[in-house]
Every structure is written in structure tokens, then in C-alpha cells.
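> Residue numbers (the numbering used here): 7 to 74. Glycine residues also receive a C-beta, built at the ideal position from the N, C-alpha and C atoms. Input: one structure, supplied below.
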């Protein structure tokens, strides 16, 4: 009985820990400048970010140009 409870508790702890890592904040930003490897952006709600935080940036996709 105690083995089942221990397994259940460890499983719940694992699920809870992976769920917190998968949640990410979505912040809208505008690129102000690019110099080599450095990109300067202005972001709404950037107060949650700290220096050294890892971020993922996705560029806005443009529409396809059709024609001859």
C-alpha cells in the first residue's frame, strides 16, 4: 500500500514540475535596432524579464507574394 502511495506522490510531483516549465509568457515586442549579434527590442510587459533570462523569438511571417 505504501509503495503505491509513494509512486503516486512521485508521479504527481513529476507532472507538477514539468507543467511549470512548459508554461511561458507571451510578450509582444518591436525590434528597434540590430548590430551584429545584438538585437534591441521594446517590449510590452518586460518587467517580468531579467538580465540573463533565456528567451525564444519568433519572427512575424509575411504574406506570400503572388504574380508572374
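Cutting at 7 Å between CB atoms, please list the residues of its own chain near residue 35, excluding the five before and the five after it.
The residue you call residue 35 lines up with position 29 of the chain shown. Contacts found: 47, 48, 49.
> Identify every residue that forms a DSSP beta bridge with residue 41.
For the purposes of this step, residue 41 is taken as residue 35 along the chain shown, with counting starting at 1. By DSSP's assignment, residue 41 forms a beta bridge with 44.
> Checking the sheet assignment: what are the DSSP bridge partners for residue 36?
If you number the chain shown from 1, residue 36 lands on position 30. Beta-bridge pairing links residue 36 to 48.
> What does a CB cutoff of less than 8 Å around residue 40 pick up in its chain, not counting 5 residues either side in sequence?
What you label residue 40 is simply residue 34 of the chain shown in a count that begins at 1. Cβ neighbours of residue 40 beyond the five flanking positions: 46.
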